[in-house]
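A short write-up of the structure that comes next.
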Amino acid sequence: MENSFNSFDNMETSIRKSSVIQERINLVSTHMYKQFLEYQHSTINCQETFLKIIDNMQATVDYLKQSFGSRGVATDNIYYSVDEAQTVLVLHILWHTISFTTRWNNQPQALFRGVEPPMISGRIIAMKGDFNEIVKRNPKNELQAVLEQEVASLFVPAEKSKTGIIKINHLGNKEFYINQMDAPREFMLKVIETICGGGIYHEELPQKLK
Numbered sequence: 002m003e004n005s006f007n008s009f010d011n012m013e014t015s016i017r018k019s020s021v022i023q024e025r026i027n028l029v030s031t032h033m034y035k036q037f038l039e040y041q042h043s044t045i046n047c048q049e050t051f052l053k054i055i056d057n058m059q060a061t062v063d064y065l066k067q068s069f070g071s072r073g074v075a076t077d078n079i080y081y082s083v084d085e086a087q088t089v090l091v092l093h094i095l096w097h098t099i100s101f102t103t104r105w106n107n108q109p110q111a112l113f114r115g116v117e118p119p120m121i122s123g124r125i126i127a128m129k130g131d132f133n134e135i136v137k138r139n140p141k142n143e144l145q146a147v148l149e150q151e152v153a154s155l156f157v158p159a160e161k162s163k164t165g166i167i168k169i170n171h172l173g174n175k176e177f178y179i180n181q182m183d184a185p186r187e188f189m190l191k192v193i194e195t196i197c198g199g200g201i202y203h204e205e206l207p208q209k210l211k
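In this text, residue positions in the sequence shown follow my numbering: the first is 2, and each later residue adds one.
Written out as structure tokens, the structure reads:
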């Protein structure tokens, strides 16, 4: 008789444990499913934005060639290229090279929003230099190599009605809010202005080594 009671207690304990596991796992799976849906939508929006940047790039290159050509400057080194997967765009403007990429949008990733909930978003990274050369510097951690050359990033949320966010490095990651319709053009132009609006200093040895 004692063995029967023990068996009943063990079964009741097992049921309680299973119930707790099921409840906790349901909470986790619900949370992850919500993130997954936001990730899917933000990735689609992000890729659409990137394709629009590519579309705008042809007109940009044409205007650059017209502008420099009218000033008697050779325009052979004004062009752009896109990889086969359409995840990397490299723009050449005379002595400047600018790259844009949507790589590393391979899992739900959120932008920290302070007191607001984190925003699941896709990300387009703009960097100074040729993407293909940059990633060769650190083949074991290509993203790290890219982030070291990052100029700005555009974060694209899951909902089309929500504004995108541009963060520019040299402005202390100051945020600029932009509607998703204008984001492809404005982000591209902001990056070009940031990189080409500056200059390149001659390299010199530090004073103590002279």
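Yeah, the Cβ is synthetic: ideal placement off N, Cα and C, and Gly gets one too. Treat the numbers as computed from the prediction; the structure is a model and nothing was measured.
So, residue i versus residue j, is the Cβ gap smaller than 7 Å?
i	j	result
THR195	ASN180	no
LEU95	ASN78	yes
VAL157	SER100	no
VAL152	ASN133	no
ASN57	PRO185	yes
ASP131	THR103	no
Assign residue i to buried or exposed, taking buried as 16 or more other Cβ atoms, counted over all protein chains shown, within 10 Å of its Cβ.
i	result
PRO207	exposed
GLN182	At residue 182 the sequence reads Met, which differs from the Gln that was named. When all chains shown are included, MET182 counts as exposed.
ILE201	exposed
PHE113	exposed
VAL116	exposed
Can you name the residues that DSSP bridges to residue i?
i	result
LYS129	ILE99
TYR80	HIS93
Put residue i into one of helix, strand or coil per three-state DSSP.
i	result
GLU160	coil
VAL29	helix
PHE188	helix
VAL62	helix
ILE201	coil
LEU52	helix
State the Cα-Cα distance for the pair residue i and residue j, rounded to the nearest angstrom.
i	j	result
MET2	LEU28	Here MET2 scores only 47 on pLDDT, less than 50, and its place in the model should not be relied on; the value that follows carries that caveat. So the alpha carbons of these two residues sit roughly 40 Å apart.
SER63	ALA111	Residue identity check: residue 63 is Asp in the sequence provided, not Ser. Going from the Cα of ASP63 to the Cα of ALA111 covers about 36 Å.
VAL136	ASN107	17 Å
TYR1	GLN23	This structure leaves residue 1 out entirely; the chain is present only between 2 and 211.
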